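Numbering (my numbering), first residue to last: 6 to 542.
Reading through the structure tokens given below for one structure.
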């Protein structure tokens with residue numbers, strides 16, 4: 006088997022014809038790769054996410070805790086005149102022949118077809134994203150010491166993919182001095198060196214600072230993630246590590262474990278927190294079972310544009326998946342909301358604002374999916390209601406004004422029976438737990454008509470009002486007065502005995518027409534309670 010250096014020479018001679026007759030397509034290939042790299046990655050953050058994903062995808066020796074370390078130094082260890090250099094240290098097993106050949110190609114990723122393991126390297130151009138911040142990336146791994154050039158070297162007209170062996174700077178001692186602060190010790194197996202472009206130094210610092218520590222929670226392999234800034238006269242370090250303290254498997258469908266995170270900055274004592282993680286499988290009804298047992302990528306995998314910043318909207322495959330989203334989402338939501346039928350509606354109301362797509366989608370192409378979900382939900386019995394009906398469709402549910410809801414709730418608190426007229430008018434009144442949800446507009450839940458309040462109060466009768474406390478009674482009168490101008494009560498309010506008055510030491514009740522006569526003709530009669538005498542309207 007060829008040594009790493011011999012392998013690089015073989016690639017240069019056999020693949021890129023270096024030292025032989027020049028391929029007339031070489032210059033065109035270089036321009037194609039250049040334009041592809043420029044268009045694929047429009048944001049500097051992509052190169053960091055590629056490096057983190059690469060570390061997650063790598064294989065690790067069984068005796069190590071997989072770790073990824075970023076060190077930013079002002080030392081010009083490559084001799085390229087860079088104002089700063091970013092070094093990436095990873096204790097993986099190291100680069101193989103296939104890994105190196107993939108780096109020297111476009112579209113030949115070693116991660117292709119491995120999505121069941123979480124691999125995202127489909128295009129074979131992920132590492133090329135580092136050219137956003139550097140013109141000359143270096144890789145030291147498993148005996149390989151190579152670099153790539155954005156500007157084609159003198160012996161070829163092709164950049165980006167042609168490897169060069171590194172004989173000069175940096176050497177291993179340079180890397181040890183950055184990593185340990187001295188020239189002795191053992192380096193992690195893989196080191197990536199990126200001498201930064203001057204205009205990208207601050208952007209790289211900002212992107213490193215914006216990597217949230219929580220990202221390590223979603224990495225199945227990496228246990229330690231750290232960032233260190235080495236300014237020669239001072240060193241700033243922050244690292245995040247995770248450990249699983251204990252794991253409990255309750256049955257074959259659920260698993261729980263505690264994951265401890267610790268962070269250290271500038272030599273200060275560790276800061277620690279624990280995260281309780283729960284994994285749950287859900288049963289599938291017989292009619293919903295998927296036959297064939299195909300891999301996930303054959304069932305629900307969006308095809309992406311090369312930069313992975315968006316899906317391909319013109320793809321029939323993607324459109325087929327999107328067409329299934331409304332039905333699948335609706336079924337999942339109904340199952341989630343009705344899993345525990347005995348639970349009170351208030352325990353499930355938060356599902357609506359949390360999960361329904363009520364915000365305008367960031368991609369206009371998803372508006373069709375949002376509209377389809379909205380249309381489906383309007384015909385589903387998912388809205389908790391008052392009374393004997395547990396759920397109804399959004400089109401049959403009705404909201405009531407907060408002031409009247411407050412009156413009803415206070416009346417119930419005083420041991421009054423809820424008026425049956427509240428749900429006997431054809432539509433169904435919304436359960437109180439749903440009153441303040443933003444998703445009601447999305448679902449098209451309307452308010453009851455103004456005539457409903459008149460019908461409700463008339464239907465309850467004077468005996469219901471007679472049981473009101475003074476406070477609730479006054480609120481009811483205020484509600485009637487405030488809405489009189491809307492024609493709510495002036496036209497449909499029957500003269501039942503709503504109004505209380507005091508005569509000869511006894512409390513009496515009369516309707517509106519009789520009440521008017523009492524006020525106009527008999528000075529000895531007064532509204533009670535006394536607080537009601539201050540009402541205007």
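Beta carbons: idealized from backbone N, C-alpha and C, even for Gly.
Predicted model, so just to flag it, every value in this text is computed and none were measured.
Three or more beta-carbon pairs separated by less than 8 Å link the stretch 186 to 203 to the stretch 132 to 146, which places the two stretches in contact.
In this structure, the straight-line span from the alpha carbon of residue 405 to that of residue 458 is close to 9 Å. Contact between the stretch 50 to 60 and the stretch 164 to 183 is absent: fewer than three C-beta pairs spanning the two stretches fall below 8 Å. Positions of the beta strand (DSSP E) runs, each at least 3 residues long and wholly inside the stretch 144 to 195, are given as 149 to 152 in order along the chain. For the 9 Å CB-CB criterion, residue 448 and residue 371 do not form a contact. Under the DSSP assignment, residue 96 falls outside any beta strand (DSSP E); it carries neither an H nor an E label. Closest in alpha carbon position to residue 358, among 442, 318, 277, 335, is 442.
Between the alpha carbons of residue 97 and residue 363 lies a distance of about 44 Å. The alpha carbon of residue 67 has as its nearest neighbour, out of 177, 226, 206, the alpha carbon of 226.
Going by C-alpha positions, residue 60 is about 17 Å away from residue 233. With a cutoff of 9 Å on beta-carbon distance, residue 206 and residue 85 are scored as not near each other. Residue 166 sits buried, since 16 or more C-beta atoms from the chains shown fall within 10 Å of its C-beta. For the options 220, 368, 331, 366, the alpha carbon positioned closest to that of residue 385 is the one of 331.
Contact annotation: residue 235 and residue 79 have beta-carbon atoms nearer than 9 Å. Between residue 378 and residue 335, the beta carbon gap of about 7 Å places them in contact (Cβ cut-off 8 Å). Remark: C-beta atoms of residue 398 and residue 389 do not approach each other more closely than 9 Å.
Nearest C-alpha to residue 382 among 450, 408, 101, 366: 450. For the set 144, 159, 195, the Cα lying nearest the Cα of residue 174 is the one of 144. Beta-carbon to beta-carbon, residue 99 and residue 147 are separated by about 3 Å, close enough to satisfy the 8 Å threshold.
For residue 77, the enclosing beta strand (DSSP E) has its first and last residue at 72 to 78.
Straight-line spacing of the CA atoms in residue 229 and residue 194 works out to 16 Å. In the three-state reduction of the DSSP assignment, residue 437 falls in the helix class.
Residue 102 and residue 324 have their C-alpha atoms spaced approximately 39 Å apart.
Check the Cα spacing between residue 435 and each of 485, 403, 412: the tightest is with 403.
By the criterion of a C-beta distance shorter than 6 Å, residue 181 is surrounded in its chain by 188, 190, once the five residues flanking it on both sides are discounted. Residue environment: residue 15 is assigned as exposed (fewer than 16 neighbouring CB atoms within 10 Å of its CB, all protein chains considered). In chain order, 132 place their CB closer than 7 Å to the CB of residue 108, counting only its own chain and leaving out the 5 sequence neighbours on each side. Sequence-distant partners of residue 10 (beyond 5 residues in either direction) whose C-beta falls short of 7 Å from its own C-beta, in its chain, are 170. Linking residue 208 to residue 354 through their CA atoms gives a straight-line distance of about 43 Å. Closest by C-alpha distance to residue 105, out of 17, 333, 479, is 17.
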